[in-house]
Structures are given as structure tokens and as C-alpha cells.
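Residue numbers (the numbering used here), protein chains in the order written: chain A, 2 to 117; chain B, 4 to 118.
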Amino acid sequence: QQQVKQSPQSLIVQKGGISIINCAYENTAFDYFPWYQQFPGKGPALLIAIRPDVSEKKEGRFTISFNKSAKQFSLHIMDSQPGDSATYFCAAILKTYQTGANNLFFGTGTRLTVIP
Amino acid sequence: ETGVTQTPRHLVMGMTNKKSLKCEQHLGHNAMYWYKQSAKKPLELMFVYSLEERVENNSVPSRFSPECPNSSHLFLHLHTLQPEDSALYLCASSQDPGDYTNEQFFGPGTRLTVL
Numbered sequence: 002q003q004q005v006k007q008s009p010q011s012l013i014v015q016k017g018g019i020s021i022i023n024c025a026y027e028n029t030a031f032d033y034f035p036w037y038q039q040f041p042g043k044g045p046a047l048l049i050a051i052r053p054d055v056s057e058k059k060e061g062r063f064t065i066s067f068n069k070s071a072k073q074f075s076l077h078i079m080d081s082q083p084g085d086s087a088t089y090f091c092a093a094i095l096k097t098y099q100t101g102a103n104n105l106f107f108g109t110g111t112r113l114t115v116i117p
Numbered sequence: 004e005t006g007v008t009q010t011p012r013h014l015v016m017g018m019t020n021k022k023s024l025k026c027e028q029h030l031g032h033n034a035m036y037w038y039k040q041s042a043k044k045p046l047e048l049m050f051v052y053s054l055e056e057r058v059e060n061n062s063v064p065s066r067f068s069p070e071c072p073n074s075s076h077l078f079l080h081l082h083t084l085q086p087e088d089s090a091l092y093l094c095a096s097s098q099d100p101g102d103y104t105n106e107q108f109f110g111p112g113t114r115l116t117v118l
């Protein structure tokens, strides 16, 4: 069973537009929600992260919106640029680290293409 | 660069071959991880090592065998693999696996193709 559901699978946005990627989860024990960015030929790199007691976090052009009651969170990329073209992964981490159990769950990824 | 290197970057092997993937981190971290990345699937955590001791093994087939000789190096030994094992294998490190907010730093991965 997939712990974190991510959509869309791919996204094409015009330069200057807003890119929006959505994720949903079921397990209320998740307590930390990072987003990772992956360029071709590279490993994922942490982009921005949020805790569930905060409804929004902004870093530059990147904003996470978090809806705890709906168990959904999304990444907004404002003024999207061609250099933002990459695959984006949402993730969710369990609060309690349990030895022998996986505590980090990734979504399936969204391939973003920003057209000049 | 992230401070995590992986070799080789590409590997093609037959089902009867034995090969090893290598990962090295230059960040002074205490935990290292192996992930499998397949198309249209979430990243799958395979192994976690904390201070050179394995702390997690998520039901990975025995044809994958990890080794962590010290806190800077991690290996993944491969033998009698199947074509469905073809994927990008990512290594990552973090300061402390017990702190769930720890950022994981990923290497560029090894693209493995099993014929």
C-alpha cells in the first residue's frame, strides 16, 4: 500500500507560471514532510520541508501548503523557470523512529517541465 | 556536489554475475542508506546503517548483500540478480538516523541493468 500519493505524474508549465504538485497521506503518525528535487543524472536533494503544525512555509519561490485535516500538502513553485525542470518527490516521515521499521516514505514523483 | 559519491555510475551485468556497488560520503555523517529507484515507483529504502551497524533491512532479497566497513563507506554486493532488479540504486547519508528531521544527502546513483 502506497503511504504517500502524489499527483500529477507529469506537469508542463510555461515560464513565469505557477507549478503545483499535490500529495496526500493517510497515516496521522507522519510528523515531517520534506520535498526533494531531482535533476537528471543526480540524486534527490532536499528542497523544503514542513511540520504539520504549520499551514504554510515559504522559501524563495517555493511554498509548501499544508492541510492537516485533509491530510494533504502541496508544493507551489512561483514564477517557474526552465531551470526548475526536474522531478519532484514529496515524502513523509514518521514521528517515532522504530528500529527495524521504515520511517521515511516517498511519493512516486512528478516530472516538471518548464517551457521557455 | 552533495559530498556523497557512488561508483560505478553505470553497470550492466548478466544474471549469473557478481558485482559490487560502492558509496563513499565525505560529510562526517553517522548513517548511510541504500535506496532503489524504479520508474513510476516510490523510492524504496533497502538498508540503513548507523555507525556501521545495520539497523534496518526492509525485506530485501538475499541476492542483495550490504557491507559497511566504516562510517564513510558503504557497499552493495550483487549476485544472481533478476532483470526486474534493473533500476537506479541510490546511496544517501545523514547525521543521525534517530532524528527524523535529519536531511538525507544523496549520491548520483548507479544505473544498473541486468540482462
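Think of the CB as a built atom: it goes at the ideal place given N, C-alpha and C, for glycine as much as any other residue.
In chain order, what residues of the same chain have a beta carbon less than 6 Å from the beta carbon of H32/B, not counting five sequence neighbours either side?
Result list for H32/B: S96, S97 and Q98, in chain order.
For L93/B versus Y38/B, is the C-beta spacing smaller than 8 Å?
For L93/B and Y38/B, yes; Cβs fall inside 8 Å.
Give me, in chain order, the residues of the same chain whose beta-carbon lies closer than 7 Å to that of F107/A; leave out the 5 immediate sequence neighbours on both sides.
So the qualifying residues of the chain are V5, F90 and A92.
Could you work out which residue in E27/B, S41/B, F109/B and T113/B is closest to L81/B when comparing CA atoms only?
Residue T113/B is the option with its Cα nearest to L81/B.
Around the Cβ of A34/B, are there at least 16 other Cβ atoms within 10 angstroms (buried) or fewer (exposed)?
By the 10 Å Cβ count, A34/B comes out buried.
For the beta strand (DSSP E) that contains I22/A, what are its first and last residues?
I22/A -> beta strand (DSSP E) spans S20 to Y26.
Tell me which same chain residues have a C-beta within less than 6 Å of the C-beta of V14/A, skipping the five on either side of it?
So the qualifying residues of the chain are S20, S81 and V115.
How big is the Cα-Cα spacing for G101/A and K16/A?
Bear in mind that a pLDDT of 42 at G101/A, under 50, signals an unreliable position, so the number given afterwards is only what the model happens to contain. C-alpha separation (whole angstroms): 45 Å.
Which residue's Cα is closest to the Cα of Q28/B: L77/B, P86/B, A90/B and T116/B?
Per the Cα distances, L77/B.
With a CB to CB cut of under 7 Å and the five nearest residues on each side skipped, what residues in its chain are close to P111/B?
If we look at P111/B and ignore the five residues flanking it on each side, its Cβ neighbours are Q9 and R12.
The stretch 5 to 18 of chain A: which residues have C-beta closer than 8 Å to a C-beta of chain B, in chain order?
Those residues of the stretch 5 to 18 of chain A that come within reach of chain B (Cβ to Cβ, closer than 8 Å) are V5 and Q10.
Closer than 8 Å, CB to CB, is G31/B near chain A or not?
No, because no Cβ of chain A sits closer than 8 Å to the Cβ of G31/B.
Going along chain A in order, which residues have a C-beta closer than 7 Å to the C-beta of E106/B?
Here the neighbours are L47.
Let me know if P86/B comes out buried or exposed under the rule of 16 or more other beta-carbons within 10 Å of its beta-carbon.
Exposed.
Output the distance between the C-alpha atoms of N20/B and F67/B, rounded to the nearest integer angstrom.
Cα-Cα distance, rounded: 13 Å.
For W36/A and L91/B, I'd like the C-alpha separation in whole angstroms.
Each residue's alpha carbon lies about 19 Å from the other.
Give me the subset of the stretch 22 to 40 of chain A whose CB atoms are less than 9 Å from a CB atom of chain B, sorted by chain position.
Those residues of the stretch 22 to 40 of chain A that come within reach of chain B (Cβ to Cβ, closer than 9 Å) are D32, Y33, P35, Y37 and Q39.
With a cut-off of 8 Å, does the C-beta of K58/A fall near any C-beta of chain B?
Answer no: the Cβ-Cβ gap between K58/A and chain B never drops below 8 Å.
Check whether the stretch 70 to 87 of chain A and the stretch 24 to 32 of chain A are in contact - that is, three or more C-beta pairs closer than 8 Å.
A contact exists between the stretch 70 to 87 of chain A and the stretch 24 to 32 of chain A.
Quick check: the Cα distance between P45/A and Q38/A, rounded to an integer number of angstroms?
Approximately 5 Å, taken between the alpha carbons.
So with CB distances below 7 Å, who are the chain B contacts of F107/A?
By Cβ distance, chain B contributes P45 and L46.
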